[in-house]
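Have a look at the structure below before the remarks.
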Amino acid sequence: MIEEVLIPKLGVVTDIRIDTPDVKTFRVVAPDGKKVFEHIPGQCAMLSIPGVGEAMFSITSSPTNTEFMEFSIKKCGCLTDWLHHMEVGQQVTIRGPYGNGFPVDTVFKGKNLLFIAGGIGLAPLRSVINYVRHYRDSYGTIDIVYGSRSMDDLVDYKEIINEWCVEEGVNVHLTIDREQEGWDGHVGFVPNYVKELGFDTNKTVIICGPPIMIKFTLAGLSELGFDKTQVFTTMELKMKCGVGKCGRCNIGSKYVCKDGPVFRCDELDELPNEY
Amino acid sequence: MVKISFEKLNSLFEKISEKYDLFVPTKKNDGQSYFEKWEQGKTVSDDLNTVRSAKDFFFPQHEDIVSFKLDGKNIEITDERREVRPFVMFGVRACDVRSFSILDKVFLSEPVDTFYKAKREKGIVISLACQKPSETCFCTTFGIDPTEPEGDIRAWKGNDCYYLEGVTEKGNALLSELSLEECDRTEVDAQIENTKKILDRLPLGKLDTDSFGGDKLKELFDSEKWASLSESCLGCGTCTFVCPTCQCYDIKDFETGHGVKRYRCWDSCMYSDFTKMAHGNPRLTQLERFRQRFMHKLVYFPANNSGEFGCVGCGRCLNKCPISMNIVKVMKTLKGEN
Amino acid sequence: MQEVMKNKAKELLASGEVRAVIGWKKGEFCYDITPAVFTNAEEIDNGFIYDDFCGANLSKYLIKEAHKDGKVLVFLKPCDTYSFNQLLSEHRINREKVYVVGVSCDGKVDIEKIKRTVGDGIIALSSDGDKISVETLYDKYEINRADALAERCVNCKSKKHVAYDELLGDEGEVLDSKRFDEVEMIENMTADERFEFWRNELSRCIRCNACRNVCPACSCEKCIFDNDNSGYVNKAPVTSFEENMFHIIRAFHVAGRCTDCGECSRVCPQGIPLHLLNRKFIKDINTLYGDYQAGEDPEARGPLTSYTEKDPEPSVVTDKE
Amino acid sequence: MQVNEFKPKIVAFCCNWCSYAGADLAGTNRLNYPADVKIIRVPCSCRVNPLFVLRAFQRGADGVIICGCHPGDCHYTTGNYYARRRMTLLFSMLDYLGIEKERTRVEWVSAAEGAKFAATMNDFVATVTKLGENKRLEDLRCKK
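Chains as they are written, first to last, in this note's numbering: chain X, 62 to 336; chain A, 655 to 992; chain Y, 14 to 334; chain S, 1154 to 1297.
And the structure:
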């Protein structure tokens, strides 16, 4: 019988990393130890624990990782709570990849890239960041602005400090919302920090974070002279099928699961404000 | 064109039933018609529409997708797809037949929905021309001709016989198996002419659809009229569930005590939990949910399907909505006619 | 009557006494009437209607409307006032924010019944005393109004308004209704017949939730059947058990609070006689714990939130022959 | 050949303060009652929601019995009075739907009535055994 997209495959959790008090990163492989499927940066997968639920998560590892996939998941509901309680060796079901992903091999090619993320919003960007780091020569400068509520809430902190910060041509700008002991970096909200940093407009911007952060950052970027066609973001709405048929993740006539999750900001302006 | 007299209909049905599951609309004791599996003694109802639309055959209200057995940290996955027995539906009206091509656009587009496809391939549709349309019919608005319906085979009910005409390859193949008596179109043509006169008198037969379509997205979405239109909406799923083109679904898990069954079932965008996530809901009030349903049919669907509307004018929502709010009232109000 | 109501509505809107009027609005045809909120005289002149087809019980809309600022005018038929009282006693409506105008009712007509007689294609209807003349695309008919009355109106329990600020028309009386006859008929069947009867009815359920959403007693902020964490969420009647469970639990949850307004049966797209479930509870409550009509007195204590020491034991059911 | 004898699955909701202790007493006194009775302890008989009864049937119970303190003896003063009304109405409704009324029962069993508990269970199991498998209120998905 031909393959049915709604029927998932098996995955095994081989590693669980505690990122922040409410974010864990799960490493998933197929039972035979290989990757379950290939993806492009920005795409998502449906993870599920039968009987608990199924939900869409962005794949946070880069496709250049040939061994496994990773998912950084924040605890916020029934399923994610369950995932946070599981142990290494637990099997999950997985299907995908879904969505369009970031245009890493077309639009982004040769461009200077500016990544702006807030909180768990780094998860979908991490895949792109590591992808462009891997093919470093194909891209221009890389700037990363990442902010969180506190030092403890910075996802992938170790990777940021040990790998991204030390890499030449990658500028990392971290910020946290409030002063904290042991933090000597920048303090303040992401939108303001972006304005303070005052980037040149010769960049393509990739932004993800809480809606309120996106809203104010976009305003800041346009003050700096950026055009909406330069800005890409990734969306999230409730999904059930992942393939544009169950009918709930639409923004106007576009389905986030199929036509998204990556949208250029001027495309979003064409759609009704219902997200 | 071939014909089969009323007396011989039973033996025809018998013959079809040998190879296929045959479904015909039959009247139940509640006075309404339902598609039921034909067996000796069941007669074809003359009612225009069954309460539940014919989409049930390809997209049933619920179907098992997959089941799981959990054992410690391990999960076992079992495909729940079953072989579909070939079936024939007799007496599907023009509006419902058109709805299949609308559903096709959703379920047969990549990635193909194999549950739907399997049933679609195994199903043969014998449509039945309408002779006495109802005041709630407005299929003609969407370019559907109820006197000459689509389908694999189309049928007309004459004075003492049914006339049948093969339309598709599948339909012609079935017809040739049945070896019926050849005949001319005289009665059929007369009937079509007669029905067309009635169609001209339908109060909703020629609704204006010019103000709708993919290019009207923003102005319709931002219309102030949604507030009053949705005001008395109860948020039930009646319109959705009787609608032949509504295809939104939910996927749910059921814990059986000895494993988990994952099934898909109809869902309604009118329900408050349709888009509810752990961190919020983009369609918080009934206004947004109500708007979504009609925008989908009148704007979003045409935007993605070269202008075709997601409504076939069957009139079920006109008959069944508890508060008598429906797509006709919505269209007229948005256009400023009400 | 309709003109008197329109004038009353316009008068109270004009004086600023009420900010909005909840009434019925005419539709495309002569029978498809929609409940609506009117806020000015023009809207009332254009759309307000009160006729044989204004069956919808408007009391539930008050939950939403009476939470907004200002007072609303609502037109309630006698049976609707029972629902209104019940909602008051459950603190779902703020009485100060509602101006209730009672309107008399001589029974509402069920369009399904007419269609069953005359067929499809109704383009005009007019009511004249005991008769209703119907014109369809195909023929003309005259039917007895009594034959077209909705079941709940044939078995009307009361023409009396139990709550109002103002009454248009005459005060009616509580009637001696035969509404429990059908329940009794079912009770007198054998268990097998009863099972068959209800399977036949409930198997048609499509779980559209219309019965629940229209019901004035079903006013929970979040229904257990919508609450993912309850473990009882199933969106489709997947098995016969699901069909039974939904309707048993729904009827049980409104037991003692259901005023028997009959909206559940009116809205059911599948024509399931849901009122027979509710009436069974009402009948049982009446026989076991004494006559009780929900909504009659907003101060009264519901039969399931009270008890007496001498209540019959459950064995009256399980041991009865 | 041995005929497979039908053994009903019984769910007993027992009030923590009386019947549950009664079941305990039955145990310590070595009074026999069938092992097919699965006891679910509840804080009071009025904790039993009609949904619990239905869910038990859904998951394969052939009979459901609710045991509480004797009327007037409720630990919370009045709980069992409410339970009495609720269950009476629920059972009546099940009967109305054509579901065998003998599959449901309410019994008042105090902490001192170990013998009554065992006798009640024996009697109830016998009644349900006679009725056979629960067919009218079963959920096919839950059948193995």
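No residue lacks a Cβ here, since even glycine has one placed at the ideal position from N, Cα and C.
When the distance is taken between beta carbons, is X:F129 closer than 8 Å to X:L108?
no
At least one CB of chain Y closer than 8 Å to the CB of A:Y917: is that the case?
Yes, contact with chain Y.
Residues of the segment 1190-1212 of chain S with Cβ closer than 7 Å to any Cβ of chain A, in chain order:
R1212
Let me know the secondary structure DSSP gives A:C900 once reduced to three states.
Correct three-state label for A:C900: coil.
Rank A:K691, A:E668, A:R947 and A:Q715 by C-alpha distance to the C-alpha of A:I905 and give the top, closest one.
A:Q715
At the level of alpha carbons, what is the spacing between A:T892 and Y:N222?
8 Å
Out of curiosity, what's the CA-to-CA distance linking A:C649 and X:V317?
Here chain A covers residues 655 to 992 and nothing more, so residue 649 of chain A does not appear.
Beta-carbon neighbours of Y:T272, restricted to chain S and to distances below 8 Å
Within 8 Å Cβ-Cβ: nothing; Y:T272 doesn't reach chain S, min ~17 Å.
State whether the segment 191-200 of chain X contacts the segment 209-217 of chain X, with contact taken as three or more CB pairs (one from each stretch) at a distance under 8 Å.
By the Cβ criterion, the segment 191-200 of chain X is not in contact with the segment 209-217 of chain X, since fewer than three pairs of Cβ atoms, one from each stretch, lie closer than 8 Å.
Of all the options X:K136, X:K70, X:K135 and X:I79, which has the alpha carbon lying nearest to the alpha carbon of X:A106?
X:K70
Tell me, please, whether the CB atom of Y:P48 is closer than 8 Å to any CB atom in chain A?
yes
Three or more C-beta pairs under 8 Å: does that hold for the segment 51-62 of chain Y against the segment 976-987 of chain A?
The segment 976-987 of chain A and the segment 51-62 of chain Y do not touch, with fewer than three beta-carbon pairs separated by less than 8 Å.
Can you find a C-beta in chain A that's less than 8 Å from the C-beta of Y:Q15?
It does not: the Cβ of Y:Q15 has no partner Cβ on chain A nearer than 8 Å.
Here's a check: name, in chain order, each residue in its chain whose Cβ is nearer than 6 Å to the Cβ of S:R1212, leaving out the five neighbours to either side.
Cβ neighbours of S:R1212 beyond the five flanking positions: C1295.
Find the nearest neighbour of X:T141 within the set X:Y159, X:G162 and X:M117, judged by alpha-carbon distance.
X:M117
With three or more beta-carbon pairs closer than 8 Å as the criterion, would you say the segment 835-844 of chain A touches the segment 132-144 of chain Y?
Not touching, per the Cβ criterion.
With C-beta atoms as the reference, is X:L282 less than 8 Å away from X:V266?
In contact: X:L282 and X:V266 (Cβ atoms closer than 8 Å).
Relative to the C-alpha of A:F741, which candidate in A:C968, A:K669, A:R735 and A:F792 has its C-alpha closest?
Per the Cα distances, A:K669.
How many angstroms separate the CA atom of Y:A161 from the CA atom of Y:R279?
13 Å
Who does A:M743 pair with in a DSSP beta bridge?
In DSSP, A:M743 forms a bridge with A:F677 and A:V779.
Which chain A residues sit within Cβ distance under 9 Å of S:R1256?
None at all; the shortest Cβ gap to chain A is about 19 Å.
Under 7 Å (Cβ pairs) to chain A, residues found in the segment 273-287 of chain Y:
V280, P282, Q283 and G284
Assuming Y:F265 contacts S:P1187 (C-beta within less than 8 Å), just tell me the rounded distance between them.
With a Cβ gap of about 30 Å, Y:F265 and S:P1187 do not count as contacting.
Given Y:D123, which residues of its chain have a CB within under 6 Å of its CB, disregarding the five upstream and five downstream residues?
A163
Along chain A, in chain order, which residues have C-beta atoms closer than 7 Å to that of S:K1162?
Close to S:K1162, with beta-carbon spacing below 7 Å, lies no residue of chain A; the smallest spacing is near 11 Å.
Beta-carbon proximity list for Y:L25, same chain, < 7 Å, skipping 5 on both sides:
V31, L86 and Y112
How would you label Y:D143, buried or exposed, when you count the other beta carbons within 10 angstroms and need 16 or more for buried?
exposed
Taking a Cβ distance cut-off of 9 Å, strictly less, list which residues of the segment 194-205 of chain Y are near chain S, in chain order.
Residues passing the 9 Å Cβ filter: V196, I199, E200, M202, T203, A204 and D205.
Roughly how many angstroms separate the alpha carbons of A:C890 and X:I268, rounded to a whole number?
38 Å
Tell me which residues of the segment 1232-1259 of chain S have at least one Cβ-Cβ distance to chain Y shorter than 8 Å, keeping chain order.
Residues are counted here when their Cβ sits less than 8 Å from a Cβ of chain Y; for the segment 1232-1259 of chain S these are Y1234, Y1235, R1237, R1238, R1239, M1240, T1241, L1242, L1243, F1244, S1245, M1246, L1247, D1248, Y1249, L1250, G1251, I1252, E1253, K1254, E1255, T1257, R1258 and V1259, given in chain order.
Since A:C652 contacts A:P898 with CB under 8 Å, what's their CB separation in whole angstroms?
Chain A is shown from 655 up to 992; residue 652 of chain A falls before or after that span and cannot be answered.
So with CB distances below 9 Å, who are the chain A contacts of X:G182?
Near X:G182 there are no residues of chain A at all, since even the closest Cβ is about 13 Å away, more than 9 Å.
Own chain residues within Cβ distance below 6 Å of Y:D67, not counting five before or after:
Reading off the sequence, residue 67 of chain Y comes out as Cys, not Asp. Excluding positions up to five away in sequence, the list reads W37 and I46.
With H, G and I counted as helix, E and B as strand and the rest as coil, what does DSSP make of A:D733?
strand
In the DSSP assignment, find the unbroken beta strand (DSSP E) run with S:C1167 in it and report its ends.
It spans I1163 to C1168 - the beta strand (DSSP E) in which S:C1167 sits, taken as one unbroken run.
Note down, in chain order, each residue of its chain lying with its Cβ closer than 7 Å to the Cβ of X:K299, except the 5 sequence neighbours on either side.
R309 and C310
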